[in-house]
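Written below as structure tokens is the structure these notes are about.
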């Protein structure tokens, strides 16, 4: 019965394909959030201890440019598992 449900097709994709899509998306978003919490918070704390503003600028640049690119990349990778016409 479970196999039959996974083989149901909706918009040219099986239910299993949608589950793979959401799994990749969820794992990717969680990975980015963990990276943001652990790495960037430690870098931010380190940058506050220094006297220069260059490191603050770089960390702010990472947050404004790198994180949205990573989110888009995860979305792109997850949509590769679907048939889009």
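Residue numbers (my numbering): 71 to 155.
Don't be surprised by glycine CBs; every beta carbon is placed ideally from N, CA and C.
These numbers were taken from a predicted model, which means no experiment stands behind them.
Query raised in the report: Exposed or buried, residue 148, counting other C-beta atoms within 10 Å across all chains shown (16 or more means buried)?
Result: buried
Query raised in the report: Nearest-angstrom Cα distance between residue 155 and residue 103?
Result: Going by the C-alpha atoms only, they are around 31 Å apart.
Query raised in the report: Can you list, in chain order, the residues of its chain whose CB lies under 7 Å from that of residue 113, leaving out five sequence neighbours each side?
Result: Answer for residue 113: 129, listed in chain order.
Query raised in the report: What distance in whole Å lies between the Cβ atoms of residue 151 and residue 85, which are believed to be in contact at a cut-off of 8 Å?
Result: At roughly 12 Å, the Cβ-Cβ gap does not stay under 8 Å, so residue 85 and residue 151 are not in contact.
Query raised in the report: How many Å lie between residue 90 and residue 122 at the Cα?
Result: 45 Å
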